[in-house]
Amino acid sequence: MELTLAISSSPIIGLNHYLVLAAFIFVCGLLSMMLKRNAIGILMGVELILNAANINLVAFNRFSYAYSPDHKPMLDGQVFAIFVIVLAAAEAAVALAIFLNYYNNFNTIDVERAQTLKG
Amino acid sequence: MNSIASILALSVDAQTVPAVLFYLFAGISAASALGVVLSRNIVRTAVCLLFTLVGVAGLYFLLESEFLAAVQLVVYVGGTLILIVFGVMLTSKSPFSRFEPKAGEVVVAIAACIILFAALVMAIRSADFRPQTLDTTQKYPVVALGQALLGDYLVPFELASVVLLVVMIGAAYLAKSRKRDDKRAVARGAATLSQKARQWS
Amino acid sequence: MSILNALTPHPVLAAAADWQKTFFEIVSGRPPLVWEQVTASVALIAMVFVPSVLLLAMFSIWWERKVCAHMQSRPGPNRVGPIGLLQSLADGIKLILKEDLTPAAADRVLFRLAPYLSFAPVFAAFLALPFGPNLTFEPKLNAGVFWILAVLSVEVMGVILAGWSSNNKWAIYGAMREACQMVSYEIPLGLSIIIGVMAAGTLNLVELGHLQGGGIHTWIVFKNPFVFCAFFVYFIASLASNKRAPFDLPESESELVAGFHTEYSGMRFAFFFFAEYAAMFIVGSIQTALFLGGWNDPFGIIGHYYSQWIGDPAAHRNSLIVLNLIAIAIFITKALGIVFVQMWIRWTLPRPRIDQVLYVCVKVLIPAACVLLLGAALWELLVPSWHQAGLIDNPLPWFHYNPRSWSDWARGGATTSLVVQVILALIGVSIVSAIALWVGYAFITRRTVKQRLTDPDPIPEPA
Amino acid sequence: MTVAVLLLIATLLPLLSFAILAFVGKRMGNPLAGIVGTFFISASFVCSLAAMIVWLSLDVAEGRAFGFGGQPILKTYDWLPGGLQIGIYVDSLTVVMFSMITLVAALVHVFSLGYMADDRRFPRFYTYLGLFSFSMLALVLSGTLLQLFIFWELVGLCSYLLIGFWYEKKTASNAAIKAFVTNRIGDVGFIIGLGLLFCHLGNATFPGIWGSLGNAGMAQSGQVLILPMVQGSAGAAELSGSLQKAEPQFTRFPHVTTTMLTLMGIALFCGAIGKSAQFPLHVWLPDAMEGPTPVSALIHAATMVAAGVYLVGRIFPILTPDAKLFIAIIGCVTMTIAALIAMAQTDIKRVLAYSTLSQLGLMILAMGIGSWVGGLFHLITHAFFKALLFLGAGNVIHAAHHEQELTEFGGLWRKIPYTAITFGVAVFAIAGVGVTVGDTMIGFAGYFSKDLILHHAGAFAWLATKEGGHTAYWLFFWLPTIVAYLTAFYMTRCWMLTFAGRPRNQKLYDRARETPVMYIPLAVLSVLSVIGGTALGARQMIESAAKETNNYFDPRLRPPAVANPTAKVAQPAHFAGFSTAWQNAGAYAHGDTSTIASDAYRLGERSLKYVSFAFVVGIGLGILVYSKGLTIPNALLRVPPLRWLNIWLYRAMYFDEMYAGVVVACTMALATVAAVVDRYVIDALVNLSARVVRRGAVLARLCDQFVLDRAVSATAEMVQEIGAAARAPQTGRIRTYVTALMVAVALSLAGAIIVVLSTTGR
């Protein structure tokens with residue numbers, strides 16, 4: 008009973024809940040990108056941002072609950088999320104390869120040192 | 103999740119269990135996302151990221167997309183995250199390496215992010231998305247997802263596979279290109295390896 | 230799907246829920262409150278589910294020691310309990326009582342977290358295992374096979390963290406080996422599962438079980454030659470992803486002391502141990518559920534009676550409960566059979582180098598799995614089966630057709646696949662029976678405990 | 072559909088063999104690579120045979136009384152946007168061609184195991200053979216003309232590679248280049264034809280083409296190309312009048328004129344001229360004999376060169392009578408000159424090459440005079456006995472250690488008896504040995520197909536002259552008749568000089584021997600050469616294919632000319648005979664027995680008596696002249712006119728020299744003129760402009776120094792200053808950039824939301 012009381016103010020979880028959560032994760036990802044000096048930390052920030060976007064996609068897909076004229080469920084949001092996940096994996100692989108090269112050249116993973124191209 | 107709900111709470115009314123589960127998973131992912139930001143040890147950051155990803159997978163479950171949840175776990179946790187941890191292990195100079203940002207940067211970044219978050223929340227609250235009423239009796243079968251992927255989205259699907267192939271080759275090439283450097287670089291690499299070993303021991 | 234909808238509510242679970250409510254009413258004289266129900270359910274899980282998994286794991290540990298002892302011509306554990314059955318329990322008690330050491334240089338938080346991270350996913354995987362037609366915790370899990378695979382892939386994080394946080398050279402090498410081995414072997418593992426799923430036409434484990442209810446020739450492993458080969462690819466890849474010998478590089482004693490759990494002792498070490506054996510059971514269960522007919526017996530008896538009784542579950546509640554119990558026994562027996570083969574291989578084959586392990590994956594298993602996938606896809610496309618007959622999407626034996634009737638298969642336009650399935654089933658049966666005969670021969674000629682099966686004559690027991 | 076799948080598999084198997092051999096062939100070595108190649112092509116043959124059996128059984132299933140073949144199968148897929156399609160078209164002709172090609176290819180593969188056994192590049196040979204077999208089969212399976220063209224070029228490539236297989240030999244590589252270049256000349260015509268077809272139809276499938284333009288053959292002749300050439304401008308006025316009257320009858324595309332159709336047909340036929348080595352592009356085929364003999368048998372006798380005939384067969388319905396007349400003339404000329412040249416050649420392979428040319432000319436002539444069935448039937452039978460002849464020649468050459476001159480042979484039948492017998496069978500087949508007793512025809516394969524063509528030719532000539540045409544149309548009957556005599560003679564000469572008589576080169580004779588792997592294919596082929604005319608049902612299937620092709624004509628467009636051949640548009644008298652004769656003959660071939668056509672056909676039968684004894688005369692004369700080796704002919708050739716004739720024919724009528732003289736000299740002259748123009752006109756202009764520019768440059772320099780340089784310096788300084796200012800925030804730190812970006816996004820988003828909220832008043 009206590010449990011239900013604690014959450015009784017909004018018993019129905021709607022779209023907005025997911026969107027706010029996604030916004031929060033998005034902001035966290037941004038913060039990681041801005042504050043981490045470790046290149047891999049930045050990569051993790053990017054992953055967080057992608058996850059936030061994915062939550063949005065899936066939530067919108069779920070709550071719009073559209074059906075095509077021939078009564079098939081429209082799963083565009085989920086499909087997009089799958090593509091995002093797949094491409095995120097690809098991105099991580101390339102990024103890590105770049106980081107390894109970077110580490111071999113600079114002997115560090117600190118992105119602050121990657122300034123040799125600055126104007 | 104209905105059957106789990108039936109085991110867990112048997113006759114609790116229909117909305118409460120999803121709400122509890124939502125707050126559980128949302129709490130896990132939000133807290134560990136914050137952990138990603140705050141943690142200074144890169145490996146702990148990765149662990150926090152793991153929990154975020156698992157929490158998001160739980161949220162996918164709540165959103166009736168189990169397949170996506172499984173994909174999230176397999177690809178993200180089983181693949182991407184392991185790659186990241188692998189990268190961490192290969193690149194950190196000491197086991198618990200940390201680089202600190204400057205205080206000014208921290209202030210600016212946090213301020214920007216608070217503004218951004220506030221703006222986003224305001225936007226979400228003021229927007230009217232008109233969500234449909236949920237039809238929880240209906241579930242999306244995986245079949246429909248497969249048909250969508252190999253039907254309407256066939257071209258992006260194939261393109262994604264091509265991208266993956268290119269990435270595989272490209273990443274292998276990038277990671278291997280070191281071998282064609284001069285011997286000095288190889289010697290330096292060996293030196294760093296031995297240094298690393300000394301530091302760890 | 231229509232059948233699956235008819236299957237809920239599960240008679241067994243409903244009975245359990247009724248029983249829980251009645252118990253409450255007897256004890257407190259009123260219907261239970263929400264928190265009381267939640268607590269009771271959690272308690273049920275904690276007291277029945279967790280111990281049963283632990284029991285399985287402990288039994289497997291004991292069994293492994295017995296098997297290895299027999300293969301090395303020694304008796305194995307035989308002091309604690311009858312034929313040493315309680316040995317694992319005794320070891321467990323010992324481990325609990327041991328001091329919980331944390332190395333000074335370790336990352337304490339991660340060091341403590343790692344065993345749980347390794348152990349918890351295994352439990353989650355049990356969620357989807359189809360023990361019986363009505364005995365699945367989440368029967369409507371549409372991506373059941375995939376779900377188990379996904380959850381198991383989280384387990385590896387625990388291993389990696391254990392290796393990393395120990396701050397020990399052996400441990401980190403073990404962890405890195407585990408990482409690259411796991412990432413590589415998940416590809417053939419997933420591909421071979423996809424081959425099976427493609428032949429079956431569903432990812433739902435319960436539906437998979439019903440699909441294979443028509444006797445041994447409807448088991449998916451015999452569906453076509455490609456699935457038959459994929460079965461073996463899956464088995465090899467599952468050995469590697471479970472870090473079982475000969476792919477136990479992450480914990481190879483002779484090189485890395487104990488690999489990633491070098492620094493662990495006491496209960497935390499036990500957690501890794503339990504996780505490994507539970508995971509062995511899980512991969513064996515996937516193989517059982519996906520390839521080897523799940524809970525069904527080779528003659529299709531269970532499927533037949535289930536299809537008759539489920540029409541009126543209330544009238545046949547007790548029969549259904551008995552049937553489910555038999556099903557659970559069959560399922561666990563099959564899974565343990567696979568586990569036995571894993572053990573057998575562990576104590577037979579030597580361990581390769583890490584580059585050889587990766588060579589096997591990248592240059593042998595993945596191409597083989599790709600070719601098999603292509604072949605299976607072409608098979609689905611070219612060979613007429615029930616799918617293409619235009620009758621029902623994925624017809625279930627006994628429900629939609631009689632799997633023993635030639636005319637039903639012919640009506641479905643699937644005579645070709647029937648012939649292929651019967652031939653493959655005969656091949657499979659003859660392989661298994663050859664092994665069984667070999668072992669039987671050994672028993673008859675008294676090559677029981679102390680002799681190798683291939684010895685020319687039984688070595689006389691010393692008086 | 073089963074047939075299509077089987078044929079597809081049959082097509083892809085050689086490709087698989089090619090792929091395997093291309094990658095690991097070298098590692099397999101000799102003879103494993105050959106065995107692999109042979110295995111795949113044999114599998115392909117089995118598939119083709121199965122397809123044929125299924126095809127025939129389909130026919131039974133459809134309840135037709137042994138009409139040879141099911142319904143034609145057409146499957147197309149969109150390949151590129153813009154209507155480009157690829158696809159397969161299967162009818163009885165396709166099925167027959169598949170069986171023939173795969174059988175001959177398989178036998179050649181087997182034969183090569185022996186013939187090429189000592190070769191260094193043995194695996195590569197099989198690689199090329201695999202590629203060739205694939206291309207040839209795909210060509211036959213093609214559903215559209217564009218696709219056919221693609222594989223057409225691919226077989227050309229294989230031909231090039233295989234002619235030049237022994238590229239160390241200068242003659243071989245030259246011959247390869249010659250073949251390739253000569254084919255390109257023909258292909259230019261093909262491409263032009265394709266372009267014309269695309270302009271009007273898009274890339275249509277064969278049935279699409281037939282349905283749209285299929286009644287081109289019903290146009291009245293003499294309206295276009297040939298008429299102005301013969302009649303001069305007098306016919307032009309009449310021409311324009313008749314064109315307008317005639318157009319709407321036979322095409323639903325008003326913008327496709329008869330002229331266009333004729334041009335299109337002739338242009339497409341140019342491809343066949345190149346590939347089937349017709350006059351005037353015939354010169355490459357004799358030189359192509361520099362390639363290995365199995366290649367000559369497979370590519371340059373049985374299959375690839377016949378692709379031209381196949382092409383004409385496929386585009387046949389859209390050919391106008393004028394185009395057909397052109398085709399007939401080309402075929403006739405080729406046939407005659409090749410037969411004449413063949414009599415004087417002394418290289419065994421060259422004799423066979425010219426014989427091939429002659430037979431191809433005969434097929435082309437048959438197509439030109441409307442004997443669709445006859446031409447394609449002769450293609451099949453000719454493939455059997457010509458492959459047999461070439462493989463036999465290969466055996467002789469192999470036995471003689473690569474000696475090819477007939478003058479060096481003699482008496483070889485004692486050493487290589489199987490080859491001698493099978494070669495003899497082939498000689499009988501190509502000479503058309505056979506008799507007609509009542510309604511029963513007994514004979515070798517060539518007898519049936521030649522008989523069919525000559526029968527048709529006789530009927531055709533009779534009809535053409537009866538309708539008031541020129542008596543020159545009788546040449547279309549008489550020339551093939553004469554060539555039939557010549558063929559029998561020179562083939563007998565070839566056999567006699569090789570196998571009979573006394574050995575002329577004792578050393579060569581002593582070393583000669585033969586091996587089973589090489590004469591077993593000969594035995595198979597000789598059986599086919601004997602029974603190929605009747606027992607295999609090839610003719611019936613081709614007849615059925617003719618009906619199937621005919622069925623694709625749009626029935627609405629079918630003019631009344633077929634039913635009533637006397638109704639015709641006013642036209643010049645000289646050409647009246649040709650078109651009507653063709654139509655009537657065509658009508659008979661398509662099963663119309665009620666009209667004047669059948670009378671003509673019966674009359675054509677009468678003409679056959681002139682040719683019935685060609686083989687007796689030819690072979691008898693051959694045996695007589697060459698019975699004592701070279702003694703009698705050498706005596707004969709001492710007579711001056713005969714000697715000159717012999718030299719003229721031996722040098723292949725000086726075609727090569729003529730081309731060298733005319734074409735090369737013209738090119739050189741043109742080049743000289745161009746060089747002169749270049750040196751004295753263009754160079755002068757260039758120098759002049761250079762001088763002008765130099766004068767102008769002085770002015771420009773002044774302007775440059777005092778105006779532009781200043782401006783440029785000022786700009787550069789400005790840019791430098793701006794750059795210095797802009798450089799400051801470019802820290803090179805990625806995080807700074809991210810932060811800056813995000814601050815901007817946050818501020819602008821917040822601003823936007825505040826603005827929106829304040830304006831909407833919420």
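Residue numbers (this note's numbering), protein chains in the order written: chain W, 8 to 126; chain Z, 103 to 303; chain E, 230 to 692; chain S, 72 to 833.
We put the beta carbon where it would ideally sit given N, CA and C, even for glycine.
For the putative contact between residue i and residue j, defined by C-beta atoms under 8 Å, what is the C-beta separation to the nearest angstrom?
{"i": "MET331/S", "j": "LEU267/S", "result": "7 Å"}
{"i": "GLY342/S", "j": "PHE261/S", "result": "3 Å"}
{"i": "PRO704/S", "j": "VAL181/S", "result": "About 36 Å; that fails the 8 Å criterion."}
{"i": "LEU210/S", "j": "LEU265/S", "result": "Not quite, the Cβ-Cβ distance comes to about 15 Å (not below 8 Å), so this is no contact."}
{"i": "THR493/S", "j": "TYR590/S", "result": "7 Å"}
{"i": "ALA500/S", "j": "SER600/S", "result": "4 Å"}
{"i": "LEU381/E", "j": "ALA474/E", "result": "With 8 Å as the limit, LEU381/E and ALA474/E do not qualify as a contact, their Cβ atoms being about 18 Å apart."}
Whose C-beta lies closer than 6 Å to the C-beta of residue i among residues of the same chain, with five residues either side of it excluded?
{"i": "GLU309/S", "result": "Here GLU309/S scores only 41 on pLDDT, less than 50, and its place in the model should not be relied on; the value that follows carries that caveat. Within the same chain, GLU309/S has no close Cβ partners at all."}
{"i": "GLY227/S", "result": "ASN254"}
{"i": "ALA634/S", "result": "Bear in mind that the predicted position of ALA634/S carries a pLDDT of just 35, short of 50, making it unreliable; the figure below should be weighed with that in mind. Taken in chain order, the list of residues that qualify is empty."}
{"i": "ARG323/S", "result": "Model confidence at ARG323/S stands at a pLDDT of 48, short of 50, so the residue's coordinates are unreliable and nothing is read from them."}
Would you mind stating whether residue i and residue j have Cβ atoms separated by less than 8 Å?
{"i": "ALA654/E", "j": "PHE461/E", "result": "no"}
{"i": "LEU218/Z", "j": "MET813/S", "result": "yes"}
{"i": "PHE169/Z", "j": "VAL265/Z", "result": "no"}
{"i": "TRP524/E", "j": "GLY361/E", "result": "yes"}
{"i": "ALA122/S", "j": "VAL166/S", "result": "yes"}
{"i": "SER429/S", "j": "VAL496/S", "result": "no"}
Along the chain, where does the alpha helix (DSSP H) that runs through residue i open and close?
{"i": "GLN410/E", "result": "398-429"}
{"i": "TYR489/S", "result": "488-502"}
{"i": "ILE144/S", "result": "First-last for ILE144/S: 144-151, but that is the beta strand (DSSP E), not the alpha helix (DSSP H)."}
{"i": "ILE370/S", "result": "Where ILE370/S is concerned, there is no enclosing alpha helix (DSSP H), given that its DSSP letter is neither H nor E."}
So residue i contacts chain S; which residues on that side make the cut at Cβ distance below 8 Å?
{"i": "MET51/W", "result": "Per Cβ cutoff of 8 Å: no residues; MET51/W is ~14 Å from chain S at best."}
{"i": "VAL210/Z", "result": "THR810, VAL814"}
Please return the same chain residues whose Cβ sits closer than 8 Å to the Cβ of residue i, not counting the five positions on each side in sequence.
{"i": "ALA606/E", "result": "MET427"}
{"i": "LEU164/Z", "result": "MET103, PRO120, LEU123, PHE124, PHE127"}
So residue i contacts chain Z; which residues on that side make the cut at Cβ distance below 7 Å?
{"i": "GLN85/W", "result": "SER167, LEU170, LEU247"}
Got a sec? Which residues, its chain only, sit under 7 Å from residue i by beta carbon, not counting five neighbours each side?
{"i": "THR637/S", "result": "Unreliable positioning characterises THR637/S in this predicted model, as indicated by a pLDDT of 37, which lies under 50. A coordinate reading is not provided."}
{"i": "ARG98/S", "result": "none"}
{"i": "ILE690/S", "result": "ALA502, ALA559, THR563"}
{"i": "VAL241/E", "result": "Because VAL241/E sits at a pLDDT of 48, beneath the cut-off of 50, its placement in the model cannot be relied upon, and the following sentence gives the value as read from the coordinates. Here the set comprises ASN363, LEU364, ILE550, ASN553."}
Just to make sure I have the definition right: I need the residues of chain E whose C-beta is within less than 8 Å of the C-beta of residue i. Which are they?
{"i": "ARG146/Z", "result": "ASP336, VAL338, LEU339"}
Please compile the residues from chain S whose C-beta is within a distance smaller than 7 Å of the C-beta of residue i.
{"i": "ILE186/Z", "result": "None at all; the shortest Cβ gap to chain S is about 18 Å."}
Going along chain S in order, which residues have a C-beta closer than 9 Å to the C-beta of residue i?
{"i": "LEU228/Z", "result": "Just to set this straight, residue 228/Z is Ser in the shown sequence, not Leu. Those within 9 Å of SER228/Z in chain S are ILE824, VAL827, LEU828, THR831, ARG833."}
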